[in-house]
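Let me begin by presenting the structure, written as structure tokens, before commenting on it.
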Amino acid sequence: PCLGLDTAQGLELLSLLGTLLALGALLLRPLRHLLVYLLLWAAYLVLCAVWCPRRDSLLLETGFLAVLVAPLGWPLCRRRKQAPQGRSEGASPHEGLPFWLVRWLLFRLMFASGVVKLTSRCPAWWGLTALTYHYETQCIPTPAAWFAHHLPVWLHRLSAVGTFVIEIAVPPLFFASIRRLRLAAFYSQVLLQVLIIITGNYNFFNLLTLVLTTALLDDRHLAAGRGQRRKTPPARSEALLATLALLLELAVYGLLAYGTMHYFGLEVNWQQHTVHSRTTFTFHQFSQWLKTVTLPTMWLGAASLTWELLTALWRWTQVQGWLRKLCASVELSVWGGATVVMFLISLVPYSYMEPETHGRLWAGTHRLFGAVEHLQLANSYGLFRRMTGLGGRPEVVLEGSYDGRHWTEIEFMYKPGNMSQPPPVVVPHQPRLDWQMWFAALGPHTHSPWFTSLVLRLLQGKEPVIRLIQNQVSRYPFHKQPPTYIRAQRYKYWFSQPGEQSRWWRRQWVEEFFPPVSLGDPSLETLLQQFGLQDKSPPRARGSSILAQALHWVRAQLSPLEAPTLLWGLLVAVGTIRIMQTLLAPWVLRSFPLANGEKHKPAPKKDGGAARGQAAPAPSNCSSTSRASRRKK
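Positions 1 to 633 (UniProt numbering) are the ones given, in order, by the sequence shown.
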């Protein structure tokens, strides 16, 4: 109110400021600072507290880890130089600890996602048939999902086996001391996330997971191909250690292959060119295995964290200079303590997947988690716990009418409706209303109270709600006059069969989802009263300050653009600018050496200059040299 804004305008302002700050951090190095990421995390926490308390938990937890990963930027405590191989000399000893937390988050995310598929007792996952339904029953499929759905069943079953291996067996390798094992784990996770991105619209989730996987890489891998120095032949002891590491690596690969073939009964049929698979273990056996390994995985994390702390302490002993050593000790104490606390907090939601282990945790850990639970610093995860729509994809189709006899379907921008409309590609945007319509179709409308409010707003002809359905209002069938009646039907959708011309879907009517209602209808009023959605307060006036007018102007300029187009436009613009910065950086340093902190040297005399009676060249601009020296200091 002090800014002359209402609640909706306040959320718009917060979103715009967060967007500008995030883009600035992508483009400008001084903005990649702890305080900037702290502001971004706090802003998104406020947004989630208003309209989606638990939906974006991964983004919030990752955002807080970005605060710990971001550099402090204390020029008095260190002087950073770029090494030829891409590593920063003089880096703080604590800088490996936040990246370890990122690896631990990635481990919890992937391991729990694989475990819950089996602990849910979903018959599709236990029968390895989940992917025969997944592509057409997911929230918002892509065009590639249609082609993936029609792949052979044996390949779907084998893909389910690969999903279990990547999500359950591979994550412990995130903490392996052998570099190639970590790289193998990295590429397996990248493969899984890329395939999900191609076949499904899961907004920023899989892109964010790809960002988390970069914590498995090291400087040597990122600097590959930059013209590294030629290495000297390894010593005899180093060659022996390399041989032992190779043997251990091969043993791990062999164990993974044997376990996959044994527990999933893989058999190759060479005549039919197929691979048969089945689960050879029972739910009881898996539950006992989970009880056995859950606590050891926590100890694995504790041991890996201890090693990181000892490594950071050893790096602290190598710091030169009493001032830098003092600053490094303070940083190591603060970040080391924060890392240990974050690890202890994360154990509570991680143990949710195994109740006995959850009850055996230290009571202090539960109290610590309870104190910060509202900040969502650590969360439990479990993706695709159960397959829905095994008998067909349920969909709710809204219909409007002026006379109650002739009905017109209301098409959404992204969710399936028109059977001839191809599935969209909306990554990294998440159309929240289309997602909620998918959840609403899984049960009666009384399980989704917001649906009654949606019907009311469409009967009232509220343009902001209409734009959630069709960004171009002219494509909304009732854009000239709101409908008199609204109803909803439940259908079951399936992907069309190959050969069906110009059709992506086929459908069958199931039942009436929401009865026909109009404004003032007693049944509608009863539902609004039952769900507490009746707003009897007088309408609040929109903010009319200069800031409110500026927000209205920005929305008017951006509203013609669909959200995916706007997001990709921003990402492509940022990527282009970053590429130009990278390409132009060597030219700038060659053309303006003082910008790189180099001392200016006098230009050499030309041969024969004095013989021709020319005066010797004057010394270079001393004021520029002194300014460069001051800048460097």
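A virtual CB, placed ideally from N, CA and C, is assigned to each residue, including glycine.
query                                                                                                                                                                                 : result
Could you name the residues of the same chain whose beta carbon sits closer than 6 Å to that of Ile-178, not counting the 5 residues immediately before and after it, in chain order? : Ala-245 and Glu-249
Could you tell me which of Ile-345, Pro-477 and Thr-452 sits nearest to Tyr-402, measuring between CA atoms?                                                                          : Pro-477
Looking at C-alpha atoms only, which residue of Leu-35, Leu-65, Pro-483 and Pro-172 is the closest neighbour of Leu-300?                                                              : Pro-172
Excluding five sequence neighbours on each side, which residues of the same chain lie with their C-beta closer than 7 Å to the C-beta of His-150?                                     : Pro-498
Do residue 634 and Gly-404 have their C-beta atoms closer together than 8 Å?                                                                                                          : Past the edges of the chain, shown from 1 to 633, lies residue 634, and the structure says nothing about it.
Exposed or buried, what is Ala-303 when buried is set at 16 or more other beta-carbons lying within 10 Å of its beta-carbon?                                                          : exposed
May I ask which residues mark the beginning and end of the beta strand (DSSP E) holding Glu-276?                                                                                      : Note that residue 276 corresponds to His in the displayed sequence, not to Glu. Start and end: 274-276.
Pop quiz: Ser-113 and Tyr-381 are said to be a contact at Cβ under 8 Å. What is the actual Cβ separation, rounded to whole angstroms?                                                 : 6 Å
From Pro-98 to Met-387, what distance separates their C-alpha atoms?                                                                                                                  : 35 Å
Going by other Cβ atoms of all chains shown within 10 Å of its Cβ, with 16 needed for buried, is Glu-511 buried or exposed?                                                           : exposed
As a quick exercise: from Trp-438, Ile-410 and Asn-418, pick the residue whose alpha carbon is nearest that of Gln-470.                                                               : Ile-410
Here's a check: name, in chain order, each residue in its chain whose Cβ is nearer than 7 Å to the Cβ of Gly-24, leaving out the five neighbours to either side.                      : Leu-31
Mapping DSSP to helix, strand and coil, what is Leu-344?                                                                                                                              : helix
Quick check on Lys-291: does DSSP put it in helix, strand or coil?                                                                                                                    : helix
What span of residues does the alpha helix (DSSP H) with Ser-159 cover, start to end?                                                                                                 : 153-164
Contact between the segment 332-351 and the segment 124-137: three or more CB pairs below 8 Å?                                                                                        : no
Leaving aside the five residues before and after Ala-595 along the sequence, list all residues of the same chain whose C-beta is less than 8 Å from its C-beta, in chain order.       : Confidence at Ala-595 is low in this model, with a pLDDT of 47, below 50, so its placement is unreliable and the value that follows should be read with caution. Only Val-588 and Leu-589 meet the Cβ criterion.
Is Glu-308 helix, strand or coil by DSSP?                                                                                                                                             : helix
Can you say whether Ala-610 is buried or exposed, counting buried as having 16 or more other CB atoms within 10 angstroms of its CB?                                                  : In this prediction, Ala-610 scores a pLDDT of 42, lower than 50, which makes its location untrustworthy; the coordinate-derived value is nonetheless stated afterwards. Under this definition Ala-610 is an exposed residue.
With DSSP collapsed to three states, give me the class of Leu-212.                                                                                                                    : helix
Helix, strand or coil, according to DSSP, for residue 637 in the structure here?                                                                                                      : The requested residue 637 does not occur in the structure, where the chain is confined to residues 1 to 633.
If contact is defined by three or more beta carbon pairs under 8 Å, each pair taking one atom from either stretch, is the segment 412-429 in contact with the segment 558-569?        : yes
Should the segment 153-168 be regarded as contacting the segment 267-283, the criterion being three or more beta carbon pairs within less than 8 Å?                                   : yes
Which first and last residues belong to the alpha helix (DSSP H) in which Trp-505 is found?                                                                                           : Element bounds for Trp-505: not the alpha helix (DSSP H) but the beta strand (DSSP E), 505-517.
Measure the alpha-carbon distance for Phe-175 versus Trp-407 and round it to whole angstroms.                                                                                         : 59 Å
With a 10 Å radius around its C-beta and 16 neighbouring C-beta atoms as the bar for buried, classify Gly-389 as buried or exposed.                                                   : buried
According to DSSP, is Thr-408 part of a helix, a strand, or is it coil?                                                                                                               : strand
Can the beta-carbon of Gly-400 be found less than 8 Å from the beta-carbon of Tyr-485?                                                                                                : yes
According to DSSP, is Leu-109 helix, strand or coil?                                                                                                                                  : helix
Express the C-alpha separation of Pro-424 and Ser-453 in angstroms, rounding to a whole number.                                                                                       : 27 Å
To the nearest angstrom, how far is it from the Cα of Arg-87 to the Cα of Gln-189?                                                                                                    : Legend: pLDDT at Arg-87 = 43, less than 50; position of this residue unreliable, value from coordinates given subsequently. Rounded to the nearest angstrom, the two C-alpha atoms are 25 Å apart.
Our contact map puts Ser-329 next to Trp-316 with C-beta atoms below 8 Å; I'd like the distance itself, whole angstroms only.                                                         : 7 Å
How should Cys-2 be labelled, buried or exposed, when 16 other C-beta atoms within 10 angstroms of its C-beta is the threshold for buried?                                            : exposed
Is the separation between the beta-carbon of Leu-456 and that of Leu-528 shorter than 8 Å?                                                                                            : yes
What is the C-beta distance between Thr-294 and Ser-351, in whole angstroms, given that I count them as a contact (C-beta under 8 Å)?                                                 : 7 Å
Identify every residue that forms a DSSP beta bridge with Ser-401.                                                                                                                    : Tyr-485
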